[in-house]
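**Student:** Here the sequence shown is numbered in this note's numbering, starting from 14 and rising by one per residue. The C-beta atom is built at its ideal place from N, Cα and C for all residues, glycine as well.
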Amino acid sequence: MKRRELVLLIFLLVLFALLAIAGLVNLQRNTALFGIGVSPAVENALVILLSLAGVIRVFVAILKH
């Protein structure tokens, strides 16, 4: 794996982790992270689930190489 690809994957890993943490914090505060028109709880749950899915996918991509 090229070094540039690895740096990009690590950046994405950190970004998805930060989004998941922001979703957790906003879920406890009951505030929307982006304000897309659904209830804050649903929005934050979606952000958390999709961010964790992104973390897993990036982690698997790093392990494959």
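1) How far does the alpha helix (DSSP H) with G36 in it extend, from its first residue to its last?
2) If distances are taken between C-alpha atoms only, which option among A35, L46, I23 comes closest to I69?
3) Taking the C-alpha atoms as reference points, what is the distance between E18 and L32?
4) Whole angstroms is fine: what's the gap from V20's alpha carbon to R42's?
5) By DSSP, does S52 sit in helix, in strand, or in coil?
6) Pull up the distance between the alpha-carbon of L25 and that of G36, whole angstroms please.
**Tutor:** On the basis of the supplied data:
1) 16-42 is the extent of the alpha helix (DSSP H) around G36.
2) Ranking A35, L46, I23 by CA distance to the CA of I69 puts I23 first.
3) One C-alpha to the other measures close to 21 Å.
4) If you take the alpha carbons of V20 and R42, they lie about 33 Å apart.
5) It is coil, neither helix nor strand.
6) Rounded to the nearest angstrom, the two C-alpha atoms are 16 Å apart.
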